[in-house]
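2 protein chains.
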Amino acid sequence: MSQTPDSVVRTYIQQHRAAFLDDLAEWLRIPSVSAQPDHAADVRRSADWLAAKLTETGFPTAEVWPTPGAPAVYAEWPSDDPQAPTVLVYGHHDVQPAAREDGWDSDPFAPEIRGNRLYARGAADDKGQVFFHTLGVRAHLAATGRTAPAVHLKLLIEGEEESGSPHFRALVEQHAERLAADAVIVSDTGMWSEDTPTVCTGMRGLAECEIRLYGPDQDIHSGSFGGAVPNPATAAARLVAALHDEHARVAIPGFYDGVVELTDRERALFAELPFDEEQWLRTARSHATRGESGFTTLERVWARPTAEVNGIGGGYQGPGSKTIIPASAMVKLSFRLVAGQDPDHVEKAVRAWAERQVPAGIRCELTFSGATRPCLTPLDHPALQSVVRAMGRAFGETVRFTREGGSGPAADLQDVLGAPVLFLGISVPSDGWHAPNEKVELDLLLKGVETTAYLWGDLAEHWRHAP
Amino acid sequence: MSQTPDSVVRTYIQQHRAAFLDDLAEWLRIPSVSAQPDHAADVRRSADWLAAKLTETGFPTAEVWPTPGAPAVYAEWPSDDPQAPTVLVYGHHDVQPAAREDGWDSDPFAPEIRGNRLYARGAADDKGQVFFHTLGVRAHLAATGRTAPAVHLKLLIEGEEESGSPHFRALVEQHAERLAADAVIVSDTGMWSEDTPTVCTGMRGLAECEIRLYGPDQDIHSGSFGGAVPNPATAAARLVAALHDEHARVAIPGFYDGVVELTDRERALFAELPFDEEQWLRTARSHATRGESGFTTLERVWARPTAEVNGIGGGYQGPGSKTIIPASAMVKLSFRLVAGQDPDHVEKAVRAWAERQVPAGIRCELTFSGATRPCLTPLDHPALQSVVRAMGRAFGETVRFTREGGSGPAADLQDVLGAPVLFLGISVPSDGWHAPNEKVELDLLLKGVETTAYLWGDLAEHWRHAP
């Protein structure tokens with residue numbers, strides 16, 4: 001296996017470190033808060049800034065793509081090797097809201113380096129992790145003497161991720177031909193910890209459902225009628241209670257259809273991670289673990305589907321009491337899905353199950369929304385192996401595997417483009433995503449640069465198209 | 001059995017009918033809405049008006065009793081027969097809120113006779129039913145030639161019933177000696193229907209409980225943590241679902257301890273009532289009956305204890321979705337109790353049961369309030385038999401038996417005074433309590449007058465104290 005000498009890459013990065021951080025700081029000064037309408041112009045400015053910077057980096061194509069909401073940025077840098085694979089990098093340039101008075105030690109939009117950390121809103125989520133690709137591709141070219149990357153490189157950096165990506169799928173569908181890729185690399189996740197570099201291999205999907213239950217035509221007196229008519233709040237509760245069996249397994253017939261079970265190797269790899277349950281519980285702000293029998297906590301959040309109540313309501317919730325049988329009740333459910341599960345199939349299973357649970361005299365309405373498919377890249381996928389090798393070179397340590405329990409718009413790329421989704425992120429749990437004093441570790445940020453400097457060559461070498 | 005000729009009573013009532021209705025209309029013009037602070041002066045005026053009217057009726061004692069809220073009226077007319085029993089009549093002079101724009105065909109506080117009905121807020125609940133006692137005692141005296149009633153007659157007419165009687169128990173405790181009675185007669189209920197005169201023999205008690213369940217210290221992300229920590233909304237739902245077994249019987253161990261079961265005779269008497277389930281469901285605004293196996297609808301609402309959810313809430317209840325595991329959830333429960341059940345015992349049983357249901361990692365807090373004991377007068381009680389005979393004479397029909405599913409402050413009289421509680425009411429379901437166009441049927445109102453005109457003599461004859 002021929003490799004560019006790693007020292008060449010490292011030297012290049014050290015030489016360009018200061019300018020890279022200055023540029024990133026300039027971008028972080030733009031408060032591109034997509035959830036706040038008064039920052040709409042800032043989000044547009046952030047997109048324009050990034051497109052210009054990508055042009056400056058060398059991308060022959062860098063465009064701002066409008067949506068009915070905030071714009072995305074698309075850039076493309078074809079390889080000079082027609083057999084090279086095509087890689088699409090996904091990230092986002094919008095950020096969560098932030099205000100000094102939320103508990104920040106410095107202005108969230110005035111980036112500040114303290115010690116070996118860069119503090120700013122978006123430092124880790126996600127501007128920092130988007131930006132390491134710019135210096136990464138330059139280091140790749142410099143070290144290899146190429147004038148174009150070893151892979152066909154595309155970037156799609158959306159502007160509404162922190163607002164739920166309402167227009168993302170339509171955007172991807174609209175531009176599906178230009179976005180076509182052999183693999184998607186998502187740089188919007190993290191690693192296990194500073195000391196344990198990891199690659200995420202999948203994320204859970206999501207199906208959301210609101211169930212409304214209607215009983216009497218109006219609230220009625222619980223003295224006059226209580227004990228003789230069905231109560232929709234009771235029906236809602238019984239529905240929720242019936243979601244799980246005594247092993248905390250989802251009890252909806254058909255829910256587990258198609259689930260890709262964990263292999264012994266995957267379970268062993270999860271078990272290698274230095275997991276501290278007490279520490280995990282502190283992060284979860286919770287006081288006990290509880291979940292499906294026969295699985296560890298990490299297996300439960302990464303590789304098992306769930307049914308979770310996000311909200312429940314019905315009847316009188318104010319101070320004191322009101323002796324009524326309420327007219328209606330409501331439950332908001334979300335189902336996290338794992339590889340092999342189909343949101344449409346889950347919806348059918350939930351509908352059939354709910355209809356059977358609800359007693360006579362109660363009408364039940366289900367509304368589904370927000371379906372996101374799960375992603376899972378097999379451990380032996382050649383692109384995943386390239387990521388692991390590149391990261392291993394950059395970090396000088398064994399790279400382990402994680403998954404992501406949440407769900408994200410990357411699944412739309414997988415669905416529309418039919419490409420596997422890989423995750424390359426260098427953020428760590430202490431970075432404080434969505435919290436005050438968000439930061440990125442500068443050493444890790446530069447390891448991200450270095451990883452991509454190795455990655456494109458490795459990918460092109462091991463995963464070429466047949467000529 | 002010597003009886004006053006009924007025709008004498010009826011003639012007296014006819015002669016005084018017009019003045020009686022004029023007086024009642026005058027009282028109904030006072031908008032004594034206890035729940036609305038801007039009507040506080042009206043409630044006081046209503047009390048003053050009633051005390052003056054009772055004095056005019058002949059009660060040697062008629063007083064306004066202040067409370068920290070709205071005042072009650074107390075009146076007393078001792079018998080000239082020292083061996084006579086003492087009867088305490090309970091009613092209330094405050095009314096529900098009412099406004100023309102709620103759907104009234106006439107001003108709710110400008111009483112109007114249309115056809116054979118008197119329309120006004122309070123016509124049936126409860127001024128009309130308090131007021132029939134004034135003409136009733138005069139008719140009793142006129143027909144028997146007495147100058148004092150055949151029983152020691154006391155009236156306690158409270159001013160906060162429509163606001164939950166917050167000061168009633170303290171008032172009764174404060175004046176327990178003066179209120180001492182052999183029986184309490186509550187005139188604040190109704191009959192089965194215009195065609196079916198009935199006497200209510202009991203009402204259910206009530207224990208109210210709010211359960212708060214605490215999980216994570218704050219709402220947490222259902223993707224990152226879902227499936228691996230306990231969810232307090234799920235715990236709340238499972239608690240509610242565990243309230244009842246598959247026969248809709250309350251599944252809390254010890255809940256039924258002491259319950260006085262229905263006798264075969266009581267069940268047969270309930271079954272004699274012309275019960276139309278379709279009509280009952282329309283009144284209940286409900287679409288099916290459902291309740292404890294082995295009992296009819298009337299048995300379920302009158303004679304069986306219940307556990308009912310009045311409110312449930314937790315997590316996100318707004319539009320759209322929010323993928324969280326909520327930090328907390330809440331359930332408001334009310335338990336209707338029947339004779340033989342003790343609210344304190346029920347509270348202990350519920351606490352022990354709830355603690356056992358809640359999983360590790362969820363903290364559970366129970367707050368009990370609003371305990372009201374159940375009342376039940378045995379069918380063979382001499383005072384009840386007097387009420388049935390007096391009502392039978394007035395209505396000229398067989399008097400049947402009902403119970404009341406609700407709970408009321410009369411239970412405080414039973415508890416503090418140690419006297420059985422009887423119910424004498426002439427209102428019918430169509431009277432529209434708490435609704436627009438509340439009315440009282442004039443024929444029934446005068447039957448109420450006539451019943452009390454017979455009742456005091458009958459009671460004194462059949463239930464004298466030993467000399």
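These protein sequences, in sequence, are chains A and B.
Per UniProt numbering, the first sequence starts with residue 1, numbered consecutively.
Per UniProt numbering, the second sequence starts with residue 1, numbered consecutively.
Where a beta carbon is used, it is the ideal one built from N, C-alpha and C, also for glycine.
All of these numbers come straight from a predicted model, not from anything done at the bench.
Does DSSP put A/Arg363 in a helix, in a strand, or in coil? Counting from 1 along the first sequence, the entry for residue 363 of chain A is found at position 363. DSSP places A/Arg363 in strand when its eight states are reduced to three.
Taking 8 Å as the CB-CB limit, is B/Val421 close to chain A? Numbered from its first residue, the second sequence carries residue 421 of chain B at position 421. Residue-level contact by beta carbon fails for B/Val421 and chain A, as no gap is shorter than 8 Å.
Helix, strand or coil, according to DSSP, for B/Arg300 in the structure here? Here residue 300 of chain B is taken as the residue at index 300 of the second sequence, counted from 1. Three-state result, B/Arg300: helix.
C-alpha gap between A/Thr451 and A/Gln279, whole angstroms: Along the first sequence, one-based indexing puts residue 451 of chain A at 451. Along the first sequence, one-based indexing puts residue 279 of chain A at 279. So the two alpha carbons sit approximately 29 Å from each other.
Distance, Cα to Cα, B/Phe132 vs B/Ala268? Translated into the one-based positions of the second sequence, residue 132 of chain B becomes position 132. Translated into the one-based positions of the second sequence, residue 268 of chain B becomes position 268. Taking the straight line from one Cα to the other gives about 32 Å.
Where does A/Phe20 land, buried or exposed, given buried means 16+ other C-beta within 10 angstroms? As a position in the first sequence, residue 20 of chain A is number 20, starting the count at 1. Here A/Phe20 is buried: its Cβ has 16 or more other Cβ atoms, across all protein chains shown, within 10 Å.
Assign A/Ala84 to one of two classes, buried (16 or more other C-beta atoms within 10 Å of its C-beta) or exposed (fewer than that). Within the first sequence, the letter at position 84 stands for residue 84 of chain A. A/Ala84 should be labelled buried.
Since A/Glu404 and A/Ala123 are thought to touch, with beta carbons under 8 Å apart, how far apart are those beta carbons, to the nearest angstrom? Along the first sequence, one-based indexing puts residue 404 of chain A at 404. Along the first sequence, one-based indexing puts residue 123 of chain A at 123. With a Cβ gap of about 20 Å, A/Glu404 and A/Ala123 do not count as contacting.
If A/Val184 sits next to A/Leu88, beta carbons under 8 Å apart, how far is it from one beta carbon to the other, in whole angstroms? Within the first sequence, numbered from 1, the residue matching residue 184 of chain A stands at position 184. Within the first sequence, numbered from 1, the residue matching residue 88 of chain A stands at position 88. Beta-carbon to beta-carbon, A/Val184 and A/Leu88 are separated by about 5 Å, close enough to satisfy the 8 Å threshold.
Between which two residues does the beta strand (DSSP E) holding A/Trp65 run? As a position in the first sequence, residue 65 of chain A is number 65, starting the count at 1. Under the DSSP assignment, A/Trp65 falls in the beta strand (DSSP E) whose first and last residues are 61–65.
Is the CB of A/Ser369 under 8 Å away from at least one CB in chain B? Within the first sequence, the letter at position 369 stands for residue 369 of chain A. Flagged as an interface residue toward chain B: A/Ser369, by a C-beta distance shorter than 8 Å.
Beta-carbon of A/Ser163 versus every beta-carbon of chain B: anything under 8 Å? Taking the first sequence and counting its residues from 1, one reaches residue 163 of chain A at position 163. No - not a single Cβ of chain B is within 8 Å of the one on A/Ser163.
Which value, in whole angstroms, describes the spacing of the CA atoms of A/Gly159 and A/Pro71? Locating residue 159 of chain A in the first sequence gives position 159, counting from the first residue. Locating residue 71 of chain A in the first sequence gives position 71, counting from the first residue. Distance between the alpha carbons of A/Gly159 and A/Pro71: 6 Å.
Between B/Arg169 and the rest of its own chain, which residues show a CB-CB distance below 6 Å, the 5 nearest in sequence each way excluded? Position 169 of the second sequence, counted from the first residue, corresponds to residue 169 of chain B. Taken in chain order, the residues that qualify are Asp412.
Coil, strand or helix - A/Arg138 by DSSP: Translated into the one-based positions of the first sequence, residue 138 of chain A becomes position 138. Note: A/Arg138 maps to helix in three-state DSSP.
Presumed contact (8 Å Cβ cut-off) between B/His93 and B/Ala47, rounded CB distance: Within the second sequence, residue 93 of chain B is the residue found at index 93, counting from 1. Within the second sequence, residue 47 of chain B is the residue found at index 47, counting from 1. Contact holds; Cβ gap of about 6 Å.
Which residues share a DSSP beta bridge with B/Phe335? Taking the first residue of the second sequence as position 1, residue 335 of chain B is located at position 335. In DSSP, B/Phe335 forms a bridge with B/Ala207, B/Ala307.
For the candidate residues A/Arg351, A/Thr306, A/Glu461, A/Thr367, whose alpha-carbon lies nearest to that of A/Leu204? If you number the first sequence from 1, residue 204 of chain A lands on position 204. In the sequence as presented, Leu is not what sits at residue 204 of chain A; that position holds Arg. Nearest option by C-alpha distance: A/Thr306.
Would DSSP call B/Trp27 helix, strand or coil? Translated into positions along the second sequence, residue 27 of chain B becomes position 27. In the structure shown, B/Trp27 sits in a helix (DSSP, three-state: H, G or I).
Under the rule that 16 or more other beta-carbon atoms within 10 Å means buried, what is B/Asn310, buried or exposed? Position 310 of the second sequence, counted from the first residue, corresponds to residue 310 of chain B. B/Asn310 should be labelled buried.
Does B/Met330 come within less than 8 Å of chain A when only Cβ atoms are used? Taking the first residue of the second sequence as position 1, residue 330 of chain B is located at position 330. Cβ-Cβ to chain A under 8 Å: yes for B/Met330.
In this structure, what does DSSP give as the bridge partners for A/Lys154? Position 154 of the first sequence, counted from the first residue, corresponds to residue 154 of chain A. In DSSP, A/Lys154 forms a bridge with A/Glu76, A/Leu88.
Is the distance from the Cβ of A/Val199 to the Cβ of A/Val33 below 8 Å? As a position in the first sequence, residue 199 of chain A is number 199, starting the count at 1. As a position in the first sequence, residue 33 of chain A is number 33, starting the count at 1. With contacts defined as CB atoms closer than 8 Å, A/Val199 and A/Val33 fail to qualify as a contacting pair.
Going by DSSP, name the residue or residues bridged to residue 468 of chain B. No statement about residue 468 of chain B is possible, as the shown extent of chain B runs from 1 to 467 and does not include it.
Per the contact definition of three or more C-beta pairs closer than 8 Å, is the segment 254–263 of chain B in contact with the segment 290–306 of chain B? Taking one beta carbon from each stretch, the segment 290–306 of chain B and the segment 254–263 of chain B have 3 or more pairs nearer than 8 Å; the two touch.
Sequence-distant residues of the same chain with beta carbon closer than 7 Å to B/Leu455, five excluded per side: Taking the first residue of the second sequence as position 1, residue 455 of chain B is located at position 455. Excluding positions up to five away in sequence, the list reads Ser386, Val387, Ala390.
Roughly how many angstroms separate the alpha carbons of B/Glu112 and B/Arg282, rounded to a whole number? For this step, residue 112 of chain B is matched to residue 112 along the second sequence. For this step, residue 282 of chain B is matched to residue 282 along the second sequence. Roughly 28 Å between the two C-alpha positions.
In this structure, does DSSP put A/Ser2 in helix, strand or coil? Taking the first residue of the first sequence as 1, we reach residue 2 of chain A at position 2. Reliability fails at A/Ser2, whose pLDDT of 48 lies under 50, so the model's placement of it is uncertain and the value that follows must be treated cautiously. In the three-state reduction of the DSSP assignment, A/Ser2 falls in the coil class.
Going by the beta-carbon positions, is the gap between A/Ala288 and B/Pro326 smaller than 8 Å? Taking the first residue of the first sequence as position 1, residue 288 of chain A is located at position 288. Taking the first residue of the second sequence as position 1, residue 326 of chain B is located at position 326. Cβ atoms of A/Ala288 and B/Pro326: not closer than 8 Å.
Is the CB of A/Ser286 under 8 Å away from at least one CB in chain B? Against the first sequence, residue 286 of chain A aligns to sequence position 286. Contacts with chain B at 8 Å (Cβ-Cβ) include A/Ser286.
With a threshold of 8 Å between beta-carbons, can A/Thr289 be considered close to chain B, or not? Position 289 of the first sequence holds residue 289 of chain A. For A/Thr289, the answer is yes, since a Cβ of chain B falls inside 8 Å of its Cβ.
Quick one: any contact between the segment 235–255 of chain A and the segment 232–239 of chain B, if contact means 3 or more CB pairs under 8 Å? Yes: the two stretches touch, three or more of their Cβ pairs being nearer than 8 Å.
Verify the CB distance criterion: does B/Gly340 have a CB-CB separation below 8 Å to chain A? One-based indexing of the second sequence puts residue 340 of chain B at position 340. Taking 8 Å as the threshold, the shortest C-beta distance from B/Gly340 to chain A does not fall below it.
Start and end residues, alpha helix (DSSP H) containing A/Lys322: Position 322 of the first sequence, counted from the first residue, corresponds to residue 322 of chain A. Following the DSSP letters along the chain, one finds A/Lys322 in no alpha helix (DSSP H), marked with neither H nor E.
Pair every Cβ in the segment 410–428 of chain B with every Cβ in the segment 372–382 of chain B, then say whether three or more of these pairs are closer than 8 Å. When Cβ pairs closer than 8 Å are counted between the two stretches, the segment 410–428 of chain B is seen to touch the segment 372–382 of chain B, the count reaching three or more.
Among the residues of its own chain, which have a CB less than 8 Å from the CB of A/Gln414, if the five just before and after it don't count? Residue mapping note: residue 414 of chain A aligns to position 414 of the first sequence, counting from 1. Closer than 8 Å at the Cβ level, and outside the excluded window around A/Gln414, lie Val184, Arg373, Cys375, Pro420, Val421.
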